[in-house]
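Residue numbers (the UniProt record's numbering): 1 to 122. Glycine included, C-beta positions come from ideal geometry on N, C-alpha and C. Remember, predicted model here, so these are calculated numbers, not experimental data. Reviewing the structure listed below.
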C-alpha cells in the first residue's frame, strides 16, 4: 500500500513562508524555487510550500480546515516548546491549555495555517 509522505500548504509567498519554517524547523529546505519550497522532515515526510496563485487546479476555497501537528513526547515537552515559540514571537492562536488529549497549543504561520503541538497518544 502507498503511504502519504508529502504535506503541501498553499501560501501567498513561498520565500516568506520558507523563512518562517526555516526558523521554526531549524533546518534548510531541500528545494527552493520561486513557486515551491520543500523541507524534508523526520520519518520520510516532506513539507511543501506552494504559491497559492500557481496551484493547479486552483482550490475552491481557502481557510482553516486543517492543522499540521507536531507530537512531542516527554514530560513537559509541550510546555517547553510553547515557551520557546512564544519567546521567538510566533503568533499564538491558542495558549497552552489542557484538552481531552492532553496539553496543547496552536501557533499560526504567515498564511494563517494552524500548527498544533500536542503529546502523542499513549
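For the candidate residues the options, whose alpha-carbon lies nearest to that of residue i?
| i | options | result |
| --- | --- | --- |
| residue 88 | 73, 33, 20 and 47 | 20 |
| residue 100 | 112, 50, 83 and 121 | 121 |
| residue 117 | 111, 12 and 92 | 92 |
| residue 84 | 7, 23 and 2 | 23 |
| residue 74 | 11, 119 and 105 | 119 |
| residue 15 | 42, 49 and 27 | 49 |
| residue 77 | 17, 18, 13 and 105 | 105 |
To the nearest angstrom, report how far apart residue i and residue j are at their CA atoms.
| i | j | result |
| --- | --- | --- |
| residue 114 | residue 34 | 23 Å |
| residue 69 | residue 90 | 15 Å |
| residue 60 | residue 95 | 31 Å |
| residue 12 | residue 67 | 17 Å |
| residue 86 | residue 42 | 23 Å |
For residue i, does the count of other Cβ atoms within 10 angstroms reach 16, so buried, or fall short, so exposed?
| i | result |
| --- | --- |
| residue 97 | exposed |
| residue 2 | exposed |
| residue 57 | exposed |
| residue 109 | buried |
Might you give, ordered along the chain, the residues of its own chain that have their beta carbon closer than 7 Å to the beta carbon of residue i, omitting 5 neighbours on each side?
| i | result |
| --- | --- |
| residue 31 | 37 and 38 |
| residue 25 | 39 |
| residue 54 | 35 |
| residue 81 | 72 and 117 |
| residue 79 | 96 and 103 |
In chain order, what residues of the same chain lie with their CB nearer than 6 Å to the CB of residue i, ignoring the 5 residues before and after it?
| i | result |
| --- | --- |
| residue 44 | 5 |
| residue 7 | 47 |
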